[in-house]
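Asker:
Numbering (full-length UniProt numbering), first residue to last: 1 to 268.
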């Protein structure tokens, strides 16, 4: 389809406005992390690296980073195992209710976070009777991280098919040998991409975290919310926000690169 010059200019202008609305506020946050002002004022009166030094010396911020990384690692590990198993079950086997199960697996990522948070809070505290902790938080994050792993793995399984696995079985290889030497190498990049996306999704989650973390667990997003309006803390919060932007961009960029490489191989 060929677009007229007017259509191309119009679409280009709309795209530029949308991108500016999304990324200019992020640029303001980045610049405020170097501002000499103790509040998030615009324009910055000057620039300094003082807040970066203070942020990396803040015990509360460092503890929050460690907690977020730990929770993201645990939830990603759970998501990788369960998401992969569900992918195989739904893609390789036909059974009654398969489409319903597929919908239920994907649903947590589509539900509003506040609904998921309230439901999980009631499940842990009322039904299970367990106190909210780091583990309840990790399990809560895994419920929606599974979706990213599932989507990546099931898409790869659909593309690769079963011909190589059947050939391996015909040559006498057992189930685990076939998985180790044939299936897993084909899924490796999909698992890595899904795991990176799950990690990024867990690392900056705030709504579900608020309902399932408990008062003793402080992740980085909660630390930011608690310190946003405290005196002289705004620039440090801006520094932490920049770090979160970087941490979120890197795994997504890697996952996109892995997906692009696999697509280019598939089309050769």
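Even for Gly, the Cβ is constructed at its ideal location relative to N, Cα and C. Just so it is clear, the structure is predicted and the values come from calculations on it, not from any experiment.
#1: With DSSP as the reference, label residue 223 as helix, strand or coil.
#2: Grab me the residues of residue 218's own chain with a C-beta within less than 8 Å of its C-beta, minus the 5 sequence neighbours each way, in chain order.
#3: Closest to residue 139 by CA distance: which of 121, 86, 171 is it?
#4: Taking contact to mean 3 or more Cβ pairs, one atom from each stretch, closer than 8 Å, check whether the stretch 143-160 and the stretch 191-207 are in contact.
#5: How many whole angstroms separate the CB atoms of residue 208 and residue 116, which I take to be in contact at a CB cut-off of 8 Å?
#6: Does DSSP put residue 96 in a helix, a strand or coil?
#7: Three-state secondary structure (DSSP) at residue 163?
#8: Could you give the DSSP three-state label for residue 35: helix, strand or coil?
#9: Identify every run of the alpha helix (DSSP H) within the stretch 72-119, keeping only runs that are complete inside it and at least 4 residues long; order them along the chain.
#10: Less than 8 Å between the CB atoms is what I'm expecting for residue 29 and residue 242, so what's the real figure, rounded?
#11: So for residue 47, helix, strand or coil by DSSP?
#12: Which residue wins for smallest C-alpha separation from residue 137, given the options 171, 78, 37?
Answerer: Inspection of the coordinates gives the following:
#1: Residue numbering aside, residue 223 sits at position 223 when the chain shown is read from its first letter. Helix.
#2: The residue labelled residue 218 in the question sits at position 218 within the chain shown. Cβ neighbours of residue 218 beyond the five flanking positions: 60, 63, 64, 67, 226.
#3: Translated into positions along the chain shown, residue 139 becomes position 139. Residue 139 has its Cα closest to that of 121, out of 121, 86, 171.
#4: yes
#5: What you label residue 208 is simply residue 208 of the chain shown in a count that begins at 1. What you label residue 116 is simply residue 116 of the chain shown in a count that begins at 1. Between residue 116 and residue 208 the Cβ distance is about 5 Å, and since that is below 8 Å, they are a contact.
#6: Counting from one through the chain shown, the residue named residue 96 turns up at place 96. DSSP places residue 96 in coil when its eight states are reduced to three.
#7: Working through the chain shown from its first residue, we reach residue 163 at position 163. Residue 163: helix per DSSP, three-state reduction.
#8: Residue 35 sits at position 35 when you count from the first residue of the chain shown. Strand at residue 35.
#9: 98-110
#10: Reading the chain shown from its first residue, position 29 is the one you call residue 29. Reading the chain shown from its first residue, position 242 is the one you call residue 242. Right, the Cβ-Cβ distance comes to about 7 Å (below 8 Å), so this counts as a contact.
#11: By one-based count along the chain shown, residue 47 stands at place 47. If DSSP states are grouped into helix, strand and coil, residue 47 belongs with the strands.
#12: As a position in the chain shown, residue 137 is number 137, starting the count at 1. Residue 78 is the option with its Cα nearest to residue 137.
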